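J.:
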Amino acid sequence: MKMNTAQIRQAFLDYFAQQQHQVVASSSLVPADDPTLLFTNAGMNQFKDVFLGSDKRSYSRATSSQRCVRAGGKHNDLENVGYTARHHTFFEMLGNFSFGDYFKQDAIRFGWQFLTDTLGLPKEKLLVTVYESDDEAFKIWNEEVGVAADRIIRIGDKSPDKKFESDNFWAMGDTGPCGPCTEIFYDHGEHIWGGPPGSPEEDGDRFIEIWNLVFMQFNRHADGTMENLPKPSVDTGMGLERIAAIMQGVHSNYEIDIFQNLIKYTADLLNVTDLENKSLRVIADHIRSCSFLIADGVMPSNEGRGYVLRRIIRRAIRHGNQLGAKDVFFYKVVQALVNEMGEAYPELVKQQALVEKMLRIEEEQFLKTLDRGLAILNDELKTLEGAVIPGDLVFKLYDTYGFPADLTADVARERDLTIDEPGFEKAMQGQRDKSKEASSFGKDYNDALTTEQSSDFTGYDLETDTASVVEIIKDGEVVSELAAGEEGIVILDQTPFYAESGGQVGDTGSFAQSGQTVFTVADTVKLVGAIAHKGKALAAISVASKVEAVVDAKRRQAIKLNHSATHLMHSALRNLLGDHVSQKGSLVDPDKLRFDFSHFEAVTAEQIQQVEDQVNAEIRANNALQTKLMNIDDAKQAGAMALFGEKYDDEVRVVSMGDYSIELCGGTHVARTGDIGLFKIVSEGGIAAGVRRIEAVTGQAALAQVNSLESQLAQIASLLKSDVASATEKVKAALDKNKALEKSLQQLKDKLSSAASADLASQTTEINGVKVLAAEIEGVEPKALRNTVDELKTKLGSAIIALGLKGEGKVNLIVGVTQDLTSQVKAGELVNFLAQQVGGKGGGRPDLAQAGGSQPENLTAAIATVNKWLEEKL
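Written out as structure tokens, the structure reads:
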């Protein structure tokens with residue numbers, strides 16, 4: 005039964021839905037709250053906390069088709085993509101999961117039934133592997149499913165000590181959940197070389213793993229001992245592209261329908277007739293990862309995820325160049341991808357315009373340097389000795405021309421060469437040492453602390469609450485009390501204090517007992533499951549004591565104004581600039597709001613004014629702020645915006661302001677939009693490729709900003725002896741007058757320079773029949789030196805001219821040689837001879853060269869050496 009990729013994906017989800025699995029949408033390629041991952045690279049990533057027990061879901065069975073990227077960090081096969089049958093930067097992982105529900109028996113039964121009944125694969129074409137000691141799985145396969153014993157292969161550990169790494173034993177890490185696996189393989193037939201798993205020929209392409217079923221049944225401790233998990237779970241993964249190749253009767257993933265359609269579209273676009281060309285495969289693969297990464301909010305940049313994206317884009321562009329592309333083309337392939345995958349992933353359709361624009365901008369920028377970089381590489385390869393491209397050359401191409409090392413490795417592969425990777429890494433490390441890169445992943449200063457306590461947040465309704473102290477931490481250790489003057493962390497059973505989250509800073513305030521302040525709260529942060537109050541004890545405070553927790557209400561109110569205004573501004577930006585605008589970061593504190601968002605060009609002054617107008621209109625509308633707890637899917641269906649990279653529970657808090665703004669948010673907000681009072685943007689600018697930043701103020705701070713601007717305008721008007729209403733015209737008139745004066749001044753300087761040239765021309769001497777002018781000059785601006793030399797050349801006809809000009813603590817030197825004399829004397833040599841005597845250096849063309857120096861006291865002596873130097877040359 006032949007099925008296209010979309011049919012296989014849907015058949016998989018439908019089958020497991022019939023087996024009472026919750027169909028869960030693919031998560032973003034940017035992992036939510038998981039600093040251990042660069043990109044989502046497996047179906048289980050979004051369920052990691054469920055397996056660990058720290059996240060609870062309303063279902064115990066799930067199924068998904070997860071989009072994944074493996075192109076950086078631990079999983080990086082970028083150089084192989086396009087050249088092998090199954091390496092990809094982007095792929096889809098079909099998976100079914102059990103969170104303490106069914107286990108080995110049902111997982112095996114589901115897998116076999118789907119493959120043989122739903123897809124109709126011949127049973128004789130399938131074989132399975134189990135962990136060497138997993139007799140239970142062997143028995144299920146053999147006795148219940150009916151797979152012959154000789155088609156069930158026991159696989160042991162890879163490492164000699166049989167400790168952590170294994171083909172058929174999976175672990176989340178050195179400690180924690182782990183368990184045996186069983187894998188299902190497909191036999192492509194005897195006509196393809198290779199042997200079954202566990203054999204010497206297992207690396208061949210005949211037997212291909214299509215599905216891995218992981219049985220998480222143990223918890224491994226640091227000492228290596230393992231105990232049974234109270235609720236064993238199942239995590240499975242099957243590559244959609246691999247199973248599609250089998251269902252469509254082809255051997256390579258690049259022969260399936262999705263890739264073939266992308267390849268044909270690209271070939272038509274570039275007028276290529278050879279559909280087997282490896283570069284077409286590279287482009288077909290890379291358009292998928294690039295498009296989905298941008299759709300998920302990643303923008304090309306020079307670090308972290310953005311750098312990986314940029315590498316993939318540039319590799320695709322270079323392969324287009326190989327195919328003869330003379331102009332931008334890559335962004336045009338997005339349409340073909342939308343045709344293939346838009347129905348399954350509507351977010352791709354929604355973000356199509358943004359994806360195309362970002363790819364086009366990136367391609368236009370790279371094309372400016374591509375030809376130059378390739379020319380330099382080609383020149384270097386002509387004189388290359390041996391078969392290894394030096395690491396310093398690889399680094400130069402990367403550092404100067406934006407060539408990632410794997411792109412240079414691509415060129416090397418085509419010429420049967422390799423690159424010196426250790427040498428490249430050494431050069432890269434040198435650069436890192438000079439300019440330490442900002443880390444891609446932050447670490448909270450409380451990560452080292454753990455606690456078993458939890459706190460209830462009551463701050464949505466209260467700013468003062470009575471609570472019990474349940475834990476105190478001092479210097480990273482749990483203690484029973486803090487003495488007066490000691491600093492530490494206090495955890496309450498319930499608290500009105502908001503902990504820093506989602507860009508909103510933590511609350512400050514105090515704890516009181518019997519009307520006396522006993523603890524001042526300087527900050528509030530999240531600590532595992534608890535809300536931690538960081539501060540200083542003014543009197544002894546102990547565990548189990550009661551306190552009155554009082555939030556600084558004035559500060560909290562200022563934060564509320566800024567947070568609610570951030571939501572309104574987010575909506576205004578999307579209305580005016582487009583739906584591609586999404587939050588990339590924010591800071592909401594009492595003084596201002598800062599909002600980072602995706603956009604590919606500067607926001608104009610007119611657009612900034614329009615944003616302000618829209619936000620202030622909503623403030624004047626004085627809409628009541630509504631908050632609801634909703635199911636995450638219902639909230640998104642209602643149009644609530646989810647923030648980039650945020651992780652949400654099944655039940656979320658939805659904040660809406662009229663029909664204008666609706667977002668998922670856990671922060672504190674005003675009661676009505678009118679409470680904000682006034683909104684004013686202070687600044688707008690770029691902070692990274694495709695990311696802009698706006699800072700703004702609200703309420704009293706906004707009024708202060710307006711008053712400050714009015715005061716400055718009044719001062720300007722006063723200086724111009726004008727009123728405020730006429731200040732603009734007065735400034736324009738003053739600028740026009742200044743421009744006319746500058747023009748007159750320059751004309752006067754030119755006349756003086758010409759006069760000085762005429763005077764200098766009379767000071768020439770002759771050396772062996774050559775006119776020479778070596779002089780120290782005054783009254784000429786440094787930038788006028790070139791004109792002076794040009795005029796002297798014209799007057800003298802044939803000559804060598806060397807001039808020096810003193811300034812405050814510096815020297816300017818210029819040497820001019822007429823064209824007929826450059827074969828005898830080079831201007832650059834003479835100017836460097838002089839520069840060395842005045843503490844400087846310089847250079848230029850054979851006929852004109854300039855230099856600077858820092859020792860003006862040596863200029864007179866240096867000029868005096870010119871004639872002697874020229875006597876030796878002439």
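The numbering of the sequence shown is our numbering, which starts it at 5 and goes up by one.
C-beta atoms are modelled at their ideal positions from N, C-alpha and C, and glycine is treated no differently.
Because the structure is a prediction, the values reported are computed rather than measured.
1) What are the boundary residues of the alpha helix (DSSP H) that ILE262 is part of?
2) Roughly how many whole angstroms lie between the Cα atoms of THR609 and GLY690?
3) On the three-state DSSP scale, how would you describe LEU796?
4) Considering just the uninterrupted stretch of the beta strand (DSSP E) at VAL342, what are its terminal residues?
5) Where does VAL151 sit, in a helix, a strand or coil, going by DSSP?
6) Would you kindly report the start and end of the unbroken alpha helix (DSSP H) that includes ASP424?
7) Pick helix, strand or coil for VAL135, following the three-state DSSP scheme.
8) For GLY649, does the three-state DSSP call read helix, strand or coil?
9) Please check if any C-beta of chain B sits within less than 8 Å of the C-beta of GLN587.
10) Given a cut-off of 8 Å on the beta-carbon distance, is the pair ARG90 and ASN45 in contact?
11) According to DSSP, GLU770 sits in a beta bridge with which residue or residues?
12) Decide if TYR335 is buried, meaning its Cβ has at least 16 other Cβ atoms within 10 Å, or exposed.
13) Tell me whether PRO350 sits in a helix, a strand or coil according to DSSP, three-state version.
14) Could I get the ranges of all uninterrupted alpha helix (DSSP H) runs contained in the segment 47–101, with 4 residues as the minimum, in chain order?
15) Measure the alpha-carbon distance for ASP600 versus LEU764 and round it to whole angstroms.
16) Judging by CA-CA distance, which residue of LYS797, VAL815 and ALA778 is the nearest neighbour of GLU785?
17) Just verifying my parser: in three-state terms, what is the DSSP assignment at ASP289?
18) Bridge partners for PHE417 per DSSP, in chain order?
19) Please report how far the alpha carbon of LEU371 lies from the alpha carbon of VAL132, in whole angstroms.
20) At which residues does the beta strand (DSSP E) containing ILE112 begin and terminate?
21) Could you tell me the alpha carbon to alpha carbon distance between VAL392 and GLU307, rounded to whole angstroms?
22) Can you name the residues that DSSP bridges to PRO204?
23) Using a threshold of 8 Å, state whether the C-beta atoms of PHE103 and SER64 are closer than that.
24) Taking the alpha helix (DSSP H) that SER726 belongs to, which residues open and close that run?
25) Ordered along the chain, which non-local residues of its own chain (more than five positions away) have a Cβ less than 8 Å from that of SER444?
26) Would you call the CB atoms of ALA806 and ALA778 closer than 8 Å?
27) Consult DSSP for ALA675 and reduce its assignment to one of helix, strand or coil.
28) Taking only the alpha-carbon atoms, compute the straight-line gap between LEU33 and PHE296 and give it to the nearest angstrom.
29) List the endpoints of the continuous beta strand (DSSP E) containing SER590.
30) For GLY243, count the other beta carbons within 10 Å of its own beta carbon; 16 or more makes it buried, fewer makes it exposed. Which is it?
31) Out of ARG849, ALA675 and LYS845, which one is the CA nearest neighbour of ALA831?
32) Quick check on SER30: buried or exposed, where buried means 16 or more other Cβ atoms within 10 Å of its Cβ?
33) Considering only their Cβ atoms, is the gap separating GLU245 from HIS25 smaller than 8 Å?
34) Confirm, please, whether the CB-CB distance from GLU490 to ALA541 is below 8 Å.
35) DSSP state of THR521, grouped into three classes?
36) Less than 8 Å separating the beta-carbons of GLU360 and ASN265?
T.: The answer reads as follows:
1) Here residue 262 is taken as the residue at index 258 of the sequence shown, counted from 1. ILE262 -> alpha helix (DSSP H) spans 261–274.
2) Translated into the one-based positions of the sequence shown, residue 609 becomes position 605. Translated into the one-based positions of the sequence shown, residue 690 becomes position 686. Per the sequence shown, the amino acid found at residue 609 is Ala instead of Thr. Whole-angstrom Cα-Cα distance: 14 Å.
3) In the sequence shown, counting from the first residue as 1, residue 796 sits at position 792. The answer is helix: DSSP assigns LEU796 an H, G or I state.
4) Here the question's residue 342 lines up with position 338 in the sequence shown. Element bounds for VAL342: not the beta strand (DSSP E) but the alpha helix (DSSP H), 338–345.
5) Here the question's residue 151 lines up with position 147 in the sequence shown. In this structure, VAL151 counts as coil in the three-state DSSP scheme.
6) Numbered from 1 along the sequence shown, position 420 holds the residue referred to as residue 424. It is not in any alpha helix (DSSP H) - ASP424 carries neither H nor E in the DSSP assignment.
7) As a position in the sequence shown, residue 135 is number 131, starting the count at 1. Note that residue 135 is Tyr in the sequence shown, not Val. Note: TYR135 maps to strand in three-state DSSP.
8) Position 645 of the sequence shown, counted from the first residue, corresponds to residue 649. Only weak support exists for where GLY649 lies, its pLDDT of 48 falling under 50; the value from the coordinates is given anyway. In the structure shown, GLY649 sits in coil (DSSP, three-state: anything other than H, G, I, E or B).
9) Looking at the structure shown, chain B is missing, and only one protein chain is on hand.
10) Within the sequence shown, residue 90 is the residue found at index 86, counting from 1. Within the sequence shown, residue 45 is the residue found at index 41, counting from 1. Against a cut-off of 8 Å, the Cβ pair of ASN45 and ARG90 comes out as no contact.
11) Translated into the one-based positions of the sequence shown, residue 770 becomes position 766. Bridge partners of GLU770: LYS775.
12) By 1-based counting over the sequence shown, the position of residue 335 is 331. So TYR335 counts as buried.
13) Counting from one through the sequence shown, the residue named residue 350 turns up at place 346. Residue state, collapsed to three classes: helix.
14) Listed in chain order, they are 52–56.
15) As a working note, residue 600 is residue 596 in the sequence shown. As a working note, residue 764 is residue 760 in the sequence shown. If you take the alpha carbons of ASP600 and LEU764, they lie about 60 Å apart.
16) Against the sequence shown, residue 785 aligns to sequence position 781. Nearest Cα to GLU785 within the set LYS797, VAL815 and ALA778: VAL815.
17) As a working note, residue 289 is residue 285 in the sequence shown. In the structure shown, ASP289 sits in a helix (DSSP, three-state: H, G or I).
18) For the purposes of this step, residue 417 is taken as residue 413 along the sequence shown, with counting starting at 1. In the sequence on display, residue 417 carries Arg and not Phe. Within the DSSP bridge table, the entry for ARG417 names no partner.
19) On the sequence shown, position 367 is the one that residue 371 refers to. On the sequence shown, position 128 is the one that residue 132 refers to. Near 49 Å, if we compare the C-alpha coordinates of VAL132 and LEU371.
20) Residue mapping note: residue 112 aligns to position 108 of the sequence shown, counting from 1. Note, ILE112: premise wrong, no beta strand (DSSP E); alpha helix (DSSP H) at 108–117.
21) As a first step, residue 392 must be located in the sequence shown, where it is residue number 388. As a first step, residue 307 must be located in the sequence shown, where it is residue number 303. Using only the alpha carbons, I get a separation of about 27 Å.
22) One-based indexing of the sequence shown puts residue 204 at position 200. In the DSSP output, where bridge partners are listed per residue, PRO204 has none listed.
23) To locate residue 103, count along the sequence shown from 1; it is residue 99. To locate residue 64, count along the sequence shown from 1; it is residue 60. Yes, these two residues count as a Cβ contact at 8 Å.
24) In the sequence shown, counting from the first residue as 1, residue 726 sits at position 722. Here SER726 belongs to no alpha helix (DSSP H), and DSSP marks it neither H nor E.
25) Position 440 of the sequence shown holds residue 444. Caution is warranted here: a pLDDT of 31 is assigned to SER444, below 50, making its placement in the model unreliable, and no coordinate value can be reported.
26) Here residue 806 is taken as the residue at index 802 of the sequence shown, counted from 1. Here residue 778 is taken as the residue at index 774 of the sequence shown, counted from 1. Closer than 8 Å, so yes.
27) Taking the first residue of the sequence shown as position 1, residue 675 is located at position 671. In this structure, ALA675 counts as coil in the three-state DSSP scheme.
28) Numbered from its first residue, the sequence shown carries residue 33 at position 29. Numbered from its first residue, the sequence shown carries residue 296 at position 292. Their Cα atoms are separated by approximately 8 Å.
29) In the sequence shown, counting from the first residue as 1, residue 590 sits at position 586. Unbroken beta strand (DSSP E) run through SER590: 587–592.
30) Here residue 243 refers to the residue found at position 239 of the sequence shown. Answer is buried; the Cβ neighbour count reaches 16.
31) Taking the first residue of the sequence shown as 1, we reach residue 831 at position 827. For the residues ARG849, ALA675 and LYS845, the minimum Cα distance to ALA831 belongs to ARG849.
32) As a working note, residue 30 is residue 26 in the sequence shown. By the 16-neighbour rule on beta-carbons within 10 angstroms, SER30 is buried.
33) Taking the first residue of the sequence shown as 1, we reach residue 25 at position 21. Taking the first residue of the sequence shown as 1, we reach residue 245 at position 241. Against a cut-off of 8 Å, the Cβ pair of GLU245 and HIS25 comes out as no contact.
34) Taking the sequence shown and counting its residues from 1, the one referred to as residue 541 is at position 537. Taking the sequence shown and counting its residues from 1, the one referred to as residue 490 is at position 486. Yes. Within cutoff.
35) Locating residue 521 in the sequence shown gives position 517, counting from the first residue. Three-state result, THR521: strand.
36) The sequence position of residue 360 within the sequence shown is 356, counting from 1. The sequence position of residue 265 within the sequence shown is 261, counting from 1. Cβ atoms of GLU360 and ASN265: not closer than 8 Å.
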